[in-house]
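What follows is a set of notes on a single structure, which appears directly below.
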Amino acid sequence: MRYAALAVLALIPTQALAGFECSIDRQCGGGTCEPFDGGPFLIQETGDVWRISWQGQEWEGYSTTTMETGGEASIVIPPQNGVSGLISIYPSGEISFTAHAYGDGPVAITGSGNCMTEGG
Numbered sequence: 000m001r002y003a004a005l006a007v008l009a010l011i012p013t014q015a016l017a018g019f020e021c022s023i024d025r026q027c028g029g030g031t032c033e034p035f036d037g038g039p040f041l042i043q044e045t046g047d048v049w050r051i052s053w054q055g056q057e058w059e060g061y062s063t064t065t066m067e068t069g070g071e072a073s074i075v076i077p078p079q080n081g082v083s084g085l086i087s088i089y090p091s092g093e094i095s096f097t098a099h100a101y102g103d104g105p106v107a108i109t110g111s112g113n114c115m116t117e118g119g
């Protein structure tokens with residue numbers, strides 16, 4: 000009976016975890032925009048959280064909506080490692096983000112670019 004229950008659990012459909020590799024084309028801050036060439040952002044859904052990795056740094060974010068329910072993946076990043084922010088990934092594969100930090104004063108940076116799902 001135990002093996003039958005495990006087999007039934009294995010057959011229950013589950014939502015696949017998402018993963019994106021995103022290139023940011025431009026960033027804006029302090030009233031100016033410029034091209035951005037800082038390497039890819041890796042954004043991976045890891046259960047209840049999203050892991051955002053960039054140049055050896057990592058942040059964890061939480062979904063505010065999903066592609067299925069809101070038409071875009073929206074990920075809020077609570078304050079950690081000196082940064083907080085919001086990432087939106089649209090069905091077209093485009094991305095926009097806003098990052099907030101505090102150094103000598105408040106700093107807000109926005110950016111946009113394109114993502115592709117991991118593996119293609």
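Residue numbers (numbering that gives the first Met the number 0): 0 to 119.
All residues carry an ideal CB built from backbone N, CA and C; glycine is no exception.
Measuring C-alpha to C-alpha distances from ILE42 to each of PHE35, SER22, GLN26 and PRO90 identifies SER22 as the nearest.
Burial check for GLN26: the Cβ neighbour count within 10 Å reaches 16 or more, so the residue is buried.
One alpha carbon belongs to ALA100, the other to GLY110, and they sit about 14 Å apart. Distance check between GLU20 and each of GLU93, VAL106 and GLY104 places GLU93 closest, using alpha-carbon atoms only. For GLN56, the beta-bridge partners assigned by DSSP are TRP53. Beta-bridge partners of MET115 (DSSP): GLU20. Leaving aside the five residues that flank MET66 on each side, the residues in its chain whose CB is nearer than 7 Å to its CB run, in chain order, ALA72 and PRO90. Judged by DSSP in its simplified three-state form, THR68 adopts helix.
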